[in-house]
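What follows is a single structure, written as structure tokens, with notes after it.
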């Protein structure tokens, strides 16, 4: 079993250590089955907040401020959904937080047996997959890297344990 930590280091202002096991709680997580079936709608955080607030407000107006009995079942359904789907998260925010230096041009994905180089300018086109059918990637993880266009969905970059910026 591999270590479940991923590091971002190299030509950056702030080296970062990531723990993919906590991404299941991150609101930025993506249901990969939905994403690659083209039913996914990329919505900004602000739009998502406004939409959720509007739904909550509308519900309170219709049903009153009391917690209706369906609230528990809705939360349970969401929990079950998370435990039965494959999840990922965009890699870009983590790279941005490490603040690559101005002369950085390449991202090196360090896997168990090889290094894969991709241009830093294309990092927004990559998703870090951290679970399959609700289970963490223990055998060949901690993360897989998938292209947003789905071209490597069946052959993701596996065993990524370190991301180095050059």
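Residue numbers (full-length UniProt numbering): 1 to 166. Don't be surprised by glycine CBs; every beta carbon is placed ideally from N, CA and C.
Within a 10 Å sphere around the beta-carbon of residue 61 sit fewer than 16 other beta-carbons, which makes this residue exposed. If the five residues before and after residue 101 are omitted, its C-beta is found closer than 6 Å to the C-beta atoms of 11, all from its own chain and listed in chain order.
Assigned with DSSP and collapsed to three states, residue 19 falls in coil, not helix or strand. Rounded to whole angstroms, residue 132 and residue 25 show a C-alpha spacing of 15 Å. Distance from the CA of residue 128 to the CA of residue 57, rounded to the nearest whole angstrom, comes to 34 Å.
Distance from the CA of residue 17 to the CA of residue 5, rounded to the nearest whole angstrom, comes to 7 Å. In this structure, 140 is the residue among 153, 21, 140 and 148 with its C-alpha nearest to the C-alpha of residue 110. If you look at residue 97, you'll find it in the alpha helix (DSSP H) that goes 92–98.
Shown here, residue 8 sits in a strand according to DSSP, grouped into three states. Boundaries cannot be given for residue 25, as no beta strand (DSSP E) includes it and DSSP labels it neither H nor E. Judged by DSSP in its simplified three-state form, residue 137 adopts coil rather than helix or strand.
According to DSSP, residue 144 shares a beta bridge with 129.
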